[in-house]
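Chemist:
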Amino acid sequence: MIIAGKFLIPRPGEVLPQGAVAIEDGRVVAVGTKDEVVRSHPSRSHVDYGDALITPGFVNYHCHLELEFCRGRVDYRGDFVEWLQRIRNLKHDLMVLPGYFPEQSVREVLASGTTTLLDHYTLEMDFDAIRAAGLRYFGFRELFDFNNHNPDLRRLREATVYSFAIHSPYTASAEIAQAAQRIASEQNTAISMHLSEMHQEIAFIDRTDPAIVDLLRRAGAYDESWQGKGVSPVRYFHDLGVLTPGSYCVHLNYALPGDVELLKGDGITHVYCPRSHAYFGHPLHPLMEYQAAGIASCLGTDSYGSNDDLSILSEARKMWEEFPALTAERVFSMFTNGGLAPLRKENELGQLAPGFLADVGVWAEPQGESFDELVRWLVTRERTLATLREGSVVHET
Ligand SMILES: [Zn+2]
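Taken in order, the sequence shown gives residues -4 to 392; the numbers are from this note's numbering.
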């Protein structure tokens, strides 16, 4: 099959006018101008989308699909720990149970051009249904257990569809965090964690915090011997050895003295969730400090608990408003190939090039011609004309 359109962006920084991509068995076999690709693959059927922009399928680097039930139900009242407790209560009251299929969220993600999703989960959703709907799903089981100092490694090894997420430094014990990291490195998988997200977390890791103590006590998970560690959350996790080139550190809303150097040295990948950051009213994100240090950053939507929708382009648009100095190339990379190292998928996802998986977004009636103009237009879009995963249509408008 050959797909063609008025413009094709195969990777950050490049535009092909009258571009086309040839696909065979779910992979890209050729990329070029329509004339070149049709000439080199004359026997292929082709779909010419006409006045359209063709892009790689996008990557949403952080989500919680299971929080679909929060949609329109959870407001923020100025206290993060109270918000977290309300979501826990709501989940209990609504009886969100294993086998849950967050269908609306999955359809919405595909419609907004995302084909690969990195997701934190706490209950066994209907993962087969999520994948059958067309999404490439990397599920990270969230680990809590702040007072568990002796995790059962054998049970943990069997407990995930892809890998682990350490919920946070204030909800998982040191031993749990280290066990998750150890299993992930044995299995060559990435690991994901919320880190340095908010003030109460920073206070708790430094010297303890009454609101978090209360949250943990109510969950029956507090460790009465906790005294605080006198360090930042980043240094605490660094010292435990859980920050590695396989780590996604989600949020990093606060960079305390010394943190940037540690994060850079450990080779982590940062996931920024601009609208979730704004929802909680944090001060300006230290993204540009991370950029200046050469830390890889990419984008996530986070969940319906703190966001209005799950479109990664809306995150890019919000980020660009906050940081207008970012180049179009940088912005585009942050929802395509800019954060693939922990997944070890740099040679399969996030670009349209021979050998890569043929995940594609098709966007109607593009405005502009240069890469910069097209990306500025793209981040204002909501729905694809078509989304393809490995050459098969998984959404059509
Ligand atoms: Zn999150």
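Where is the CB? At the ideal position from N, CA and C, for every residue including glycine. All of these numbers come straight from a predicted model, not from anything done at the bench.
If you measure from the CB of C268, is any heavy atom of ligand 3 nearer than 7 Å?
Modeler: Only ligand 1 can be found as ligands here, which leaves ligand 3 out of the picture.
Chemist: By Cβ distance, which residues of its chain are closer than 7 Å to Q195, with the 5 residues on each side in sequence left out?
Modeler: Sequence index remark: in the sequence shown, residue 195 carries index 200 (1-based). Here the set comprises F75, V76, D204, A206 and I207.
Chemist: Using a 10 Å radius around the Cβ and a threshold of 16 neighbouring Cβ atoms, would you call N183 buried or exposed?
Modeler: Start at 1 with the first residue of the sequence shown, and residue 183 comes out as number 188. N183 should be labelled exposed.
Chemist: Let's test the definition: count the other Cβ atoms within 10 Å of the Cβ of R202 and tell me whether it reaches 16, buried, or not, exposed.
Modeler: By one-based count along the sequence shown, residue 202 stands at place 207. The residue is exposed, with fewer than 16 neighbouring Cβ atoms inside 10 Å.
Chemist: Any heavy atom of ligand 1 within a distance shorter than 7 Å of the CB on S298?
Modeler: As a working note, residue 298 is residue 303 in the sequence shown. Within the cutoff, so yes.
Chemist: CB-CB under 8 Å to F133, same chain, minus the five flanking residues each way: which ones, in chain order?
Modeler: As a first step, residue 133 must be located in the sequence shown, where it is residue number 138. The answer, listed in chain order, is T111, L112, L113, D114, Y157, S158, A185 and L338.
Chemist: Is there contact here, the region 22 to 41 with the region 273 to 284, by at least three beta-carbon pairs under 8 Å?
Modeler: With a cut-off of 8 Å, the region 273 to 284 and the region 22 to 41 do not count as touching, because too few Cβ pairs lie within range.
Chemist: Pull up the DSSP beta-bridge partners for N142, would you.
Modeler: Translated into positions along the sequence shown, residue 142 becomes position 147. None; N142 has no bridge partner.
Chemist: For the beta strand (DSSP E) that contains W358, what are its first and last residues?
Modeler: Mapped onto the sequence shown, residue 358 falls at position 363. Looking at the DSSP string, the run of the beta strand (DSSP E) that includes W358 is V355 to A359.
Chemist: Say the cut is 7 Å; is the CB of H194 nearer than that to a heavy atom of ligand 1?
Modeler: By 1-based counting over the sequence shown, the position of residue 194 is 199. H194 Cβ: outside cutoff for every heavy atom of ligand 1.
Chemist: For ligand 1, I want to know if G390 counts as a neighbour, meaning its beta carbon is within less than 7 Å of at least one of the ligand's heavy atoms.
Modeler: The residue you call residue 390 lines up with position 395 of the sequence shown. It should be pointed out that residue 390 corresponds to His in this sequence rather than to Gly. Every heavy atom of ligand 1 is 7 Å or more from the Cβ of H390, so no.
Chemist: Shorter than 7 Å, the distance from the beta carbon of V245 to the closest heavy atom of ligand 1, or not?
Modeler: By 1-based counting over the sequence shown, the position of residue 245 is 250. Yes; taking the cut-off as 7 Å, the Cβ of V245 has a heavy atom of ligand 1 nearer than that.
Chemist: Using only the heavy atoms of ligand 1, determine whether one of them is closer than 7 Å to the beta carbon of H265.
Modeler: The count along the sequence shown starts at 1 and reaches residue 265 at position 270. No, since every heavy atom of ligand 1 falls outside the 7 Å radius drawn around the Cβ of H265.
Chemist: Can you name the residues that DSSP bridges to S298?
Modeler: In the sequence shown, residue 298 corresponds to position 303, counting from 1. DSSP output for S298 lists no bridge partner at all.
Chemist: For L380, count neighbouring Cβ atoms within 10 angstroms of its own Cβ and tell me buried if that reaches 16, exposed if not.
Modeler: Here the question's residue 380 lines up with position 385 in the sequence shown. The residue in question, L380, is buried, as its Cβ has 16 or more Cβ neighbours within 10 Å.
Chemist: Tell me whether S40 sits in a helix, a strand or coil according to DSSP, three-state version.
Modeler: Here residue 40 refers to the residue found at position 45 of the sequence shown. Coil at S40, not helix or strand.
Chemist: Where P5 and S292 are concerned, what is the direct C-alpha to C-alpha distance, given to the nearest angstrom?
Modeler: Residue numbering aside, residue 5 sits at position 10 when the sequence shown is read from its first letter. Residue numbering aside, residue 292 sits at position 297 when the sequence shown is read from its first letter. P5 and S292: Cα-Cα distance of roughly 20 Å.
Chemist: Since N142 contacts T296 with CB under 8 Å, what's their CB separation in whole angstroms?
Modeler: Taking the sequence shown and counting its residues from 1, the one referred to as residue 142 is at position 147. Taking the sequence shown and counting its residues from 1, the one referred to as residue 296 is at position 301. The pair is not a contact, with the Cβ atoms about 31 Å apart (cut-off 8 Å).
Chemist: Any contact between the region 91 to 105 and the region 148 to 157? By contact I mean 3 or more CB pairs, one from each, below 8 Å.
Modeler: No: the two stretches stay apart, fewer than three of their Cβ pairs being nearer than 8 Å.
Chemist: In its own chain, which residues sit with a C-beta less than 6 Å from the C-beta of F64, not counting the 5 before and 5 after it?
Modeler: Indexing the sequence shown from 1 puts residue 64 at position 69. The residues are L89 and V91.
Chemist: Based on Cα-Cα distance, which residue from R131, A169 and T109 lies nearest to S306?
Modeler: For the purposes of this step, residue 306 is identified with residue 311 of the sequence shown, where counting begins at 1. Ranking the options by Cα distance to S306, first place goes to T109.
Chemist: Under 8 Å between the Cβ atoms of V389 and L3?
Modeler: For the purposes of this step, residue 389 is identified with residue 394 of the sequence shown, where counting begins at 1. For the purposes of this step, residue 3 is identified with residue 8 of the sequence shown, where counting begins at 1. No, the Cβ-Cβ distance between V389 and L3 is not below 8 Å.
Chemist: Can the beta-carbon of F318 be found closer than 8 Å to that of L373?
Modeler: Walking along the sequence shown from the start, residue 318 turns up at place 323. Walking along the sequence shown from the start, residue 373 turns up at place 378. Not in contact: F318 and L373 (Cβ atoms no closer than 8 Å).
Chemist: Work out the CA separation of I(-2) and K29 for me, nearest whole Å.
Modeler: Indexing the sequence shown from 1 puts residue 29 at position 34. Indexing the sequence shown from 1 puts residue -2 at position 3. Near 9 Å, if we compare the C-alpha coordinates of I(-2) and K29.
Chemist: In whole angstroms, give me the CA-to-CA distance for L231 and A216.
Modeler: As a working mapping, residue 231 is identified with position 236 in the sequence shown. As a working mapping, residue 216 is identified with position 221 in the sequence shown. What sits at residue 231 in the sequence shown is Tyr, not Leu. Their Cα atoms are separated by approximately 19 Å.
Chemist: Under 8 Å, do D354 and G27 count as touching if we go by C-beta distance?
Modeler: For the purposes of this step, residue 354 is identified with residue 359 of the sequence shown, where counting begins at 1. For the purposes of this step, residue 27 is identified with residue 32 of the sequence shown, where counting begins at 1. No; because the gap between Cβ atoms is not below 8 Å, this pair is not in contact.
Chemist: With 16 other CB atoms within 10 Å as the buried threshold, where does E181 fall?
Modeler: As a position in the sequence shown, residue 181 is number 186, starting the count at 1. Label assigned to E181: exposed.
Chemist: Where do the N-terminal and C-terminal ends of the beta strand (DSSP E) with N55 fall, by residue?
Modeler: Start at 1 with the first residue of the sequence shown, and residue 55 comes out as number 60. Segment F53 to C58, the beta strand (DSSP E) holding N55.
Chemist: Counting C-beta neighbours from all protein chains within 10 Å, is the total for G0 16 or more, i.e. buried, or is it exposed?
Modeler: In the sequence shown, residue 0 corresponds to position 5, counting from 1. Buried, since its Cβ has 16 or more Cβ neighbours within 10 Å.
Chemist: Kindly indicate the opening and closing residues of the alpha helix (DSSP H) around R149.
Modeler: As a working note, residue 149 is residue 154 in the sequence shown. Element bounds for R149: L148 to R152.
Chemist: With the cut-off set at 8 Å, would you say V10 and L369 are in Cβ contact?
Modeler: In the sequence shown, counting from the first residue as 1, residue 10 sits at position 15. In the sequence shown, counting from the first residue as 1, residue 369 sits at position 374. Yes; because the gap between Cβ atoms is below 8 Å, this pair is in contact.
Chemist: Quick one: is the Cβ of H36 within less than 7 Å of any heavy atom of ligand 1?
Modeler: Your numbering for residue 36 matches position 41 in the sequence shown. Every heavy atom of ligand 1 is 7 Å or more from the Cβ of H36, so no.
Chemist: Between the beta-carbon of E377 and the beta-carbon of S107, is there less than 8 Å?
Modeler: On the sequence shown, residue 377 is found 382 positions in, with the first residue counted as 1. On the sequence shown, residue 107 is found 112 positions in, with the first residue counted as 1. Cβ atoms of E377 and S107: closer than 8 Å.
Chemist: Classify S387 as buried or exposed, calling it buried when 16 or more other Cβ atoms lie within 10 Å of its own Cβ.
Modeler: For the purposes of this step, residue 387 is taken as residue 392 along the sequence shown, with counting starting at 1. Per the 10 Å Cβ criterion, exposed.
Chemist: Confirm the yes/no value for this check: CB of H115, any heavy atom of ligand 1, distance under 7 Å.
Modeler: Along the sequence shown, read from residue 1 onward, the residue named residue 115 stands at position 120. Because some heavy atom of ligand 1 lies under 7 Å away, the Cβ of H115 counts as near it: yes.
Chemist: Under 8 Å by Cβ, that's how I've got P228 and I178 pegged, so tell me the actual separation to the nearest angstrom.
Modeler: In the sequence shown, residue 228 corresponds to position 233, counting from 1. In the sequence shown, residue 178 corresponds to position 183, counting from 1. The pair is not a contact, with the Cβ atoms about 22 Å apart (cut-off 8 Å).
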